[in-house]
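*Asks:* The opening position of the sequence shown corresponds to residue 0 in numbering that gives the first Met the number 0, with each subsequent residue numbered one higher. The structure that follows is given in the form of structure tokens.
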Amino acid sequence: MAKAKFSSKLGLIAATVGSAVGLGNVWRFPAEVQGGGGAAFLIIYILCVLILGIPVMLAEFSLGRAGGTDAIGNFAAVAPKHRRWRAFGALSVLTAFLIAIFYMVVAGWTLEYLWESITGGLYTPQDGMQPGAELFLVKKSFYITDPWRPLIATIVVCAINLVVMLGGVQKGIERLSNFLMPMLFVLLLIFGIFSLTLPGAGEGIEFFFSPDFSKVTPGVVLKALGQAFFSLSLGMGILMTYAAYYPADTRLARTASTVSLLDLVVAVMMGVIIFPALTSFGLQSHGVMGTALVFVTLPEVFMQLPFTALWSSLFFLLLVIAAITSTVSIVEVCVRCLEDRLDFSRRKAVFSLMGIVTVLSIVCSLSMGPLNHLTIAGLNFFDLLDTVTANYMLPIAAIGMCVFVGWVAPRNLLENQLTNNGSFRTHISTLLLYIIRYVAPLLIAAVLVSNL
Ligand code: PHE
């Protein structure tokens, strides 16, 4: 079953970074910086990426490239005598499937905001209200809970995914990433420079880069761990699936470091964009971060700038890019699984998967509005998917994967993969094995327990 490989080094980096850079970098990271003592959080976050993120990424890469198949099959491929461990692969595929459902909806919101920025709808007075925080809040709930508008956006996102997926790994995912990722970095650069030149920008930068360690609690550290995990797309089978498309001469350690570094750079640039903008416009006291930051507070900033529609459109374009390149990676996990487990052709796999995902995403989108009253444990469908996957399923799948690579898989798996079967030397495999065996499972378990 010779499957496609990424056609170039740049392409595989673009695709993998495309997956990692998502809405986690855009609205979760700045929010956690704000709550976690500015640079104090940043420092802890960087340590988490180094100690946990890169090693776990390498474990996933190794398993994926050695197995060369889908996230379930990889486990059986590298340790045929321990086939039961495939259960953790199955868990990550299921997690990916569930995340895909609600991420389509969230990606839809970004698309809707792009549309509303281009058409100017977001900044049009409504019900006697002038554009401003109050109106943006009203619009936010409208754009998210109105039955039709977010629904259409969600369906468009699913359709984009369908088209990209039909193109396959090289002509779909890789081409899309090669085109969009450079654009994303250019946009970040434009906004970064702009933000830094705003009057009063220094205050925001000072907040971001001066550490307040008094805010650091064990909870903050666990949050940083969780954030590193989510941001690097770990534990969802994504990296494993992509690594199966890496050519044999790809240097995994170098790739993992590059991807993690670029993901970090994007997160830091978001901070550099957002904090000065907030202080410059006197909005830092808003405090409400997360989705309100991008859907309410930033429109307030754009409103006060000349060329509001242009800035707003470019910013939401940036968000759409971040979101779309993440959705394709999560869909690929499931598509590859259908191809390899059930012997589906690419077309059949893409159509059947996207059919189901689209229907469930529609339900998920409606669960924010008309179906909001249907709840399980007090959570609507959307929140349920978000909570269960991120808090429980992801960490369990990741612990299983680390224990498998560290203890069950052949001992030389990591070493062979890191050195491309001995074609060069590495000094990190012993340290890496130690982290994968002991440190990572324990740290992830701590995150899991703290979520209970
Ligand atoms: N790494 C992504 C982010 O930061 C997380 C993600 C990837 C979510 C792929 C879904 C699909 O947002």
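We treat Cβ as the ideally placed atom computed from N, Cα and C, and that holds for glycine. Source: prediction; values computed, not measured.
Hey, is residue 5 close to the ligand PHE, as in C-beta under 8 Å from one of its heavy atoms?
*Replies:* If you number the sequence shown from 1, residue 5 lands on position 6. Residue 5: no, Cβ never under 8 Å from the ligand PHE.
*Asks:* By the 10 Å Cβ neighbour count, where 16 or more other Cβ atoms means buried, how is residue 133 classified, buried or exposed?
*Replies:* Numbered from 1 along the sequence shown, position 134 holds the residue referred to as residue 133. That one is exposed.
*Asks:* Runs of 3 residues minimum, wholly inside the stretch 113-199: which ones carry the beta strand (DSSP E) assignment?
*Replies:* none
*Asks:* Identify every residue that forms a DSSP beta bridge with residue 23.
*Replies:* Against the sequence shown, residue 23 aligns to sequence position 24. Residue pairing by DSSP places residue 23 opposite no residue, since no beta bridge is assigned to it.
*Asks:* According to DSSP, is residue 361 part of a helix, a strand, or is it coil?
*Replies:* Indexing the sequence shown from 1 puts residue 361 at position 362. Looking at residue 361 - three-state DSSP - the assignment turns out to be helix.
*Asks:* Among residues of its own chain, excluding the 5 on either side of residue 219, which ones have a beta-carbon nearer than 6 Å to its beta-carbon?
*Replies:* The residue given as residue 219 occupies position 220 in the sequence shown. Closer than 6 Å at Cβ, skipping near neighbours: 35.
*Asks:* May I have the straight-line CA-CA distance separating residue 314 from residue 186, to the nearest angstrom?
*Replies:* Here residue 314 corresponds to residue number 315 of the sequence shown, with the count starting at 1. Here residue 186 corresponds to residue number 187 of the sequence shown, with the count starting at 1. If you take the alpha carbons of residue 314 and residue 186, they lie about 8 Å apart.
*Asks:* I'd like to know whether the C-beta atoms of residue 66 and residue 74 end up nearer to each other than 9 Å.
*Replies:* On the sequence shown, residue 66 is found 67 positions in, with the first residue counted as 1. On the sequence shown, residue 74 is found 75 positions in, with the first residue counted as 1. Closer than 9 Å, so yes.
*Asks:* In angstroms with no decimal places, state the Cα-to-Cα distance between residue 59 and residue 239.
*Replies:* As a first step, residue 59 is located in the sequence shown; it is residue number 60 there, counting from the start. As a first step, residue 239 is located in the sequence shown; it is residue number 240 there, counting from the start. Approximately 5 Å, taken between the alpha carbons.
*Asks:* Which residues in the same chain have their Cβ closer than 8 Å to the Cβ of residue 361, if we skip the five residues on either side of it in sequence?
*Replies:* Residue numbering aside, residue 361 sits at position 362 when the sequence shown is read from its first letter. Here the set comprises 150, 153, 154.
*Asks:* So what does residue 210 bridge to, in DSSP terms?
*Replies:* Taking the sequence shown and counting its residues from 1, one reaches residue 210 at position 211. The partner list for residue 210 (beta bridge, DSSP) reads 37.
*Asks:* Measuring from the CB of residue 102, is there a heavy atom of the ligand PHE at a distance below 8 Å?
*Replies:* Sequence index remark: in the sequence shown, residue 102 carries index 103 (1-based). Closer than 8 Å to some heavy atom of the ligand PHE: that describes the Cβ of residue 102.
*Asks:* With respect to 8 Å, is the separation between the Cβ of residue 259 and the closest non-hydrogen atom of the ligand PHE below this value?
*Replies:* The residue given as residue 259 occupies position 260 in the sequence shown. Judged by the Cβ position, residue 259 fails to qualify as a neighbour of the ligand PHE at the 8 Å threshold, every heavy atom of the ligand being at least this far.
*Asks:* With distance defined between alpha-carbon atoms, name the residue in 3, 444, 121 nearest to residue 299.
*Replies:* As a working note, residue 299 is residue 300 in the sequence shown. For the residues 3, 444, 121, the minimum Cα distance to residue 299 belongs to 121.
*Asks:* What residue does the alpha helix (DSSP H) around residue 371 start on, and which one ends it?
*Replies:* On the sequence shown, residue 371 is found 372 positions in, with the first residue counted as 1. Unbroken run through residue 371: none, as it is neither H nor E.
*Asks:* Once DSSP output is grouped into helix, strand and coil, what is the label at residue 378?
*Replies:* What you label residue 378 is simply residue 379 of the sequence shown in a count that begins at 1. Judged by DSSP in its simplified three-state form, residue 378 adopts strand.
*Asks:* In angstroms with no decimal places, state the Cα-to-Cα distance between residue 267 and residue 79.
*Replies:* As a working note, residue 267 is residue 268 in the sequence shown. As a working note, residue 79 is residue 80 in the sequence shown. So the alpha carbons of these two residues sit roughly 42 Å apart.
*Asks:* Could I get the ranges of all uninterrupted alpha helix (DSSP H) runs contained in the stretch 295-345, with 4 residues as the minimum, in chain order?
*Replies:* With a minimum length of 4 residues, the continuous alpha helix (DSSP H) runs that stay inside the stretch 295-345 are 297-302, 307-340.
*Asks:* Leaving out five residues on either side along the sequence, give the residues of the same chain with a beta carbon under 7 Å from the beta carbon of residue 444.
*Replies:* Walking along the sequence shown from the start, residue 444 turns up at place 445. Hits under 7 Å: 398.
*Asks:* Is residue 109 near the ligand PHE, judged by its Cβ being under 8 Å from some heavy atom?
*Replies:* Looking up residue 109 in the sequence shown gives position 110. No, the ligand PHE has no heavy atom inside 8 Å of this Cβ.
*Asks:* Quick check on DSSP: helix, strand or coil for residue 282?
*Replies:* In the sequence shown, counting from the first residue as 1, residue 282 sits at position 283. Note: residue 282 maps to coil in three-state DSSP.
*Asks:* In angstroms, rounded to a whole number, what distance separates the CA positions of residue 326 and residue 61?
*Replies:* Taking the sequence shown and counting its residues from 1, one reaches residue 326 at position 327. Taking the sequence shown and counting its residues from 1, one reaches residue 61 at position 62. Residue 326 and residue 61: Cα-Cα distance of roughly 23 Å.
*Asks:* DSSP three-state call for residue 351: helix, strand or coil?
*Replies:* Sequence index remark: in the sequence shown, residue 351 carries index 352 (1-based). Correct three-state label for residue 351: helix.
*Asks:* Hey, how far is the Cα of residue 270 from the Cα of residue 211?
*Replies:* Looking up residue 270 in the sequence shown gives position 271. Looking up residue 211 in the sequence shown gives position 212. Distance between the alpha carbons of residue 270 and residue 211 is about 16 Å.
*Asks:* According to DSSP, is residue 432 part of a helix, a strand, or is it coil?
*Replies:* Taking the first residue of the sequence shown as position 1, residue 432 is located at position 433. Helix.
*Asks:* Is it true that the CB of residue 252 sits closer than 9 Å to the CB of residue 57?
*Replies:* For the purposes of this step, residue 57 is taken as residue 58 along the sequence shown, with counting starting at 1. For the purposes of this step, residue 252 is taken as residue 253 along the sequence shown, with counting starting at 1. Closer than 9 Å, so yes.
*Asks:* Could you give the DSSP three-state label for residue 88: helix, strand or coil?
*Replies:* As a first step, residue 88 is located in the sequence shown; it is residue number 89 there, counting from the start. Of the three classes helix, strand and coil, the one that applies to residue 88 here is helix, per DSSP.
*Asks:* Using 8 Å as the cut-off, classify the Cβ of residue 24 as near or not near the heavy atoms of the ligand PHE, replying yes or no.
*Replies:* Locating residue 24 in the sequence shown gives position 25, counting from the first residue. Result yes, Cβ under 8 Å from the ligand PHE.
*Asks:* Give me the Cα-Cα distance between residue 37 and residue 156, rounded to the nearest whole angstrom.
*Replies:* Reading the sequence shown from its first residue, position 38 is the one you call residue 37. Reading the sequence shown from its first residue, position 157 is the one you call residue 156. Going by the C-alpha atoms only, they are around 34 Å apart.
*Asks:* Can you give me the C-alpha to C-alpha distance between residue 84 and residue 108, rounded to a whole angstrom?
*Replies:* Your numbering for residue 84 matches position 85 in the sequence shown. Your numbering for residue 108 matches position 109 in the sequence shown. Taking the straight line joining both Cα atoms gives about 37 Å.
*Asks:* Exposed or buried, what is residue 306 when buried is set at 16 or more other beta-carbons lying within 10 Å of its beta-carbon?
*Replies:* To locate residue 306, count along the sequence shown from 1; it is residue 307. Residue 306 comes out exposed.
*Asks:* Quick one: residues in its chain with C-beta nearer than 8 Å to the C-beta of residue 427, no 5 flanking neighbours on either side, listed in chain order?
*Replies:* Position 428 of the sequence shown, counted from the first residue, corresponds to residue 427. Answer for residue 427: 252, 417, listed in chain order.
*Asks:* CA-CA distance, residue 17 and residue 143?
*Replies:* Here residue 17 refers to the residue found at position 18 of the sequence shown. Here residue 143 refers to the residue found at position 144 of the sequence shown. Near 25 Å, if we compare the C-alpha coordinates of residue 143 and residue 17.
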